[in-house]
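Before any comments, here is the structure.
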Amino acid sequence: MTADPVTSHAPGAEYAETASAAYRAALQVIESVEPRIAAATRKELADQRDSLKLIASENYASPAVLLTMGSWFSDKYAEGTIGHRFYAGCQNVDTVESLAAEHARELFGAPYAYVQPHSGIDANLVAFWAILATRVEAPELANLGAKHVNDLSEADWESLRNKLGNQRLLGMSLDAGGHLTHGFRPNISGKMFHQRSYGTDPNTGFLDYDAVAKAAREFKPLIIVAGYSAYPRRVNFATMREIADEVGATLMVDMAHFAGLVAGKVFTGDEDPVPHAHVTTTTTHKSLRGPRGGMVLAQPEYSDAVDKGCPMVLGGPLSHVMAAKAVALAEARQPAFQAYARRVADNAQALADGFLKRDANLVTGGTDNHIVLLDVTSFGLTGRQAESALLDAGIVTNRNSVPSDPNGAWYTSGIRLGTPALTTRGFGPDDFDRVAELIVDVLSNTTPTQASSGPSKAKYTLAAGTAERIHAASAELLEANPLYPGLTL
Ligand code: DSN
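Numbering of the sequence shown is given in UniProt numbering, commencing with residue 1 and proceeding in unit increments.
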């Protein structure tokens, strides 16, 4: 297998020697204080280099992004917003936050960007509260005579609390591929709202827009959440916005999984959520390939409320991570990122084709994004057994529910696979066909076993020699597509 010249390296090959010197020096410093942490850090890189990482929500950030996080910005408190902080001395944090927000606005064509959220769930909580504040609290305060909040009586507060706490949210169900934070009952989003889910067509596995519209008309939600973490297809956000407009709902899109495909212009027009959603949330570390963190993009009518995310919802911003977001967003604005994003989608197609030609079952029969959802019941396995057997063979995946999953959310019947990480290493379509072959090899050689104790849905036996054979085959692929080429510790 040869590495593809377009995307054969994670960004950073051109400064690998300098980055190596920086990491060697950093590890030496860490070693002098707590050698076990230095050792674990070295081991983590070795493990990541030596495994086929197919977790759809993971990637490899560039050394520039990673190095940016190791700075004194970590030491600064900066609650508030750019130019309006609750602490003195935030002039450099203002620079960092302004640059990150500017890159985000330019990259996504968004009128407003808020780069403080620490994670995807934080970004979604900021969005929920911003929508509640804009749609419920502000009009209610006007009804109460536009009093300053300090002048509200206890009865006014009670009335406001009742209204804020009695709103409805419609989101994609977890087993159809939605996310925990889209109204799943054990999550705060499923408790703070009256919640209803939409699913996918039971025959095709595709999103059924008529069913979403029907649910919206019946339920009349304040918020419709679109977006997914395990749905292998594109979404028409123009249609979702029409549905939201018809029922007077705010359309919130969580693009955490596919932000890289939006940034890389693979999803354009009706498939680009940013112009259609009132509020768009994302993480920055998945297909977008930045540091761990979150972000909110908003139309102007929601921006004031989003801007109050800290201290409304968030603690002090992580300024070192905001700096790294700026660096990653600058990388994503380069033409090379568009080539990368196209390759992520092409590779997912190749992975899906590789399974289909080997008679494996895929939810929706394929993919047109970065996710492939493999239904492992035809191998006689649960998702849990498949995940563990694959890990034994050095293939890192995660088990995932399939629609109407007979094995529930813990054992599951599926394996979710994603292409962003290995595409960063330089894997191309031929490599992903080989990955499909290796996965089918492992699953075909895995036998469920009845446990003498404990849950049998987790027990399995991998045929002798399988793990060794797959490790050797994976090593060839991994060596041809090295992680952080030129980076030596
Ligand atoms: N944990 C992320 C994922 O794996 O999709 C979502 O939060």
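For each residue, glycine too, the CB sits at the ideal point set by N, CA and C.
Is there at least one non-hydrogen atom of the ligand DSN closer than 7 Å to the beta-carbon of residue i?
i	result
residue 118	no
residue 57	yes
residue 229	yes
residue 285	no
residue 370	no
residue 179	yes
residue 257	yes
Would DSSP call residue i helix, strand or coil?
i	result
residue 300	helix
residue 104	helix
residue 485	coil
residue 366	coil
residue 98	helix
residue 3	Residue placement at residue 3 is poorly supported in this model, since its pLDDT is 44, which falls under 50; the coordinates are not used for a value here.
residue 236	coil
residue 407	coil
residue 457	helix
residue 279	strand
residue 52	strand
residue 274	coil
residue 9	With a pLDDT of 48 at residue 9, under the threshold of 50, the modelled position of this residue cannot be trusted; read the value that follows with caution. Coil.
residue 182	helix
residue 371	strand
residue 361	strand
residue 294	strand
residue 82	coil
residue 36	helix
residue 135	helix
residue 269	helix
residue 202	coil
For the beta strand (DSSP E) holding residue i, just list the boundary residues, first then last.
i	result
residue 75	From DSSP, residue 75 is part of no beta strand (DSSP E); its letter is neither H nor E.
residue 196	194-198
residue 226	223-227
residue 254	250-254
residue 309	No beta strand (DSSP E) holds residue 309; the alpha helix (DSSP H) holding it covers 309-312.
residue 171	168-172
Drop a sphere of 10 angstroms on the beta-carbon of residue i, count the other beta-carbons inside from all chains shown, and report buried for 16 or more, exposed for fewer.
i	result
residue 227	buried
residue 329	buried
residue 14	exposed
residue 468	exposed
residue 123	buried
residue 131	buried
residue 197	buried
residue 490	For the chain, the structure presents residues 1 to 489; residue 490 sits outside this window and is missing.
residue 484	buried
residue 33	exposed
residue 489	exposed
residue 307	buried
residue 4	Interpretation of residue 4 is limited by its pLDDT of 47, a score under 50 that renders its predicted location unreliable; the figure taken from the coordinates is listed afterwards. Per the 10 Å Cβ criterion, buried.
residue 400	buried
residue 89	exposed
residue 315	exposed
residue 351	buried
residue 87	exposed
residue 103	buried
residue 37	exposed
Starting from residue i, trace the alpha helix (DSSP H) in both directions and tell me its first and last residue.
i	result
residue 116	Counting along the chain, residue 116 falls outside any alpha helix (DSSP H), and DSSP gives it neither H nor E.
residue 160	154-164
residue 439	429-444
residue 322	319-332
residue 261	259-263
residue 400	From DSSP, residue 400 is part of no alpha helix (DSSP H) but of the beta strand (DSSP E) over 398-400.
residue 478	466-480
residue 29	16-33
residue 424	420-425
residue 335	335-356
residue 142	138-143
residue 218	209-219
residue 391	383-392
I believe residue i touches residue j by the beta-carbon criterion, under 8 Å. Please report the beta-carbon distance rounded to the nearest angstrom.
i	j	result
residue 71	residue 323	7 Å
residue 114	residue 96	Wrong, their Cβ atoms sit about 14 Å apart, outside the cutoff.
residue 421	residue 140	Actually they are not in contact, since the Cβ atoms of residue 421 and residue 140 sit about 46 Å apart, beyond 8 Å.
residue 438	residue 470	5 Å
residue 232	residue 367	4 Å
The ligand FAD and residue i: does any heavy atom of the ligand fall closer than 7 Å to the residue's C-beta?
i	result
residue 12	In the structure on display, the ligand FAD does not appear, and the ligands it does have are the ligand DSN.
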